[in-house]
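Before any comments, here is the structure.
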């Protein structure tokens with residue numbers, strides 16, 4: 687099972703999305719529109735968080751694929767300075783691996 691996440695920002699607004707694929711088919715997907723004041727970084731973080739929450743209920747091994755290294759570094763930071771990072775701590779045990 688693989689998860690693809692993305693966040694983006696254009697003149698029209700900021701958005702966030704993920705899809706979970708298994709056997710070349712989409713089994714779960716989500717899209718969210720954020721406020722114009724939100725950054726691409728925030729959109730990327732939201733996509734990752736929402737995808738992990740959805741995948742955790744499937745109880746299967748997953749690979750999470752993202753193009754946001756800065757988001758992964760922030761999530762995995764053992765001493766987060768941003769409050770939302772606390773929401774990722776349950777997912778950051780040694781058993782969980784982000785790709």
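Residue numbers (the working numbering): 687 to 785.
Just so you know, even glycine gets a beta-carbon here, dropped at the ideal spot from N, CA and C.
Going by other Cβ atoms of all chains shown within 10 Å of its Cβ, with 16 needed for buried, is residue i buried or exposed?
| i | result |
| --- | --- |
| residue 762 | exposed |
| residue 728 | buried |
| residue 693 | buried |
| residue 691 | buried |
| residue 708 | exposed |
| residue 702 | buried |
| residue 700 | buried |
| residue 755 | exposed |
| residue 752 | buried |
| residue 710 | exposed |
| residue 735 | buried |
For residue i, which of helix, strand or coil comes out of DSSP?
| i | result |
| --- | --- |
| residue 744 | coil |
| residue 708 | strand |
| residue 756 | helix |
Following a CB-centred definition, is residue i positioned closer than 7 Å to any heavy atom of the ligand GTP?
| i | result |
| --- | --- |
| residue 701 | The model on display carries no ligand, and the ligand GTP is accordingly not part of it. |
Take residue i and list the residues in its own chain whose beta-carbon comes closer than 6 Å to its own, dropping the five residues that flank it on each side.
| i | result |
| --- | --- |
| residue 740 | 714 |
When DSSP builds the beta bridges, which residues end up paired with residue i?
| i | result |
| --- | --- |
| residue 688 | 707, 749 |
| residue 762 | According to DSSP, residue 762 bridges with nothing at all. |
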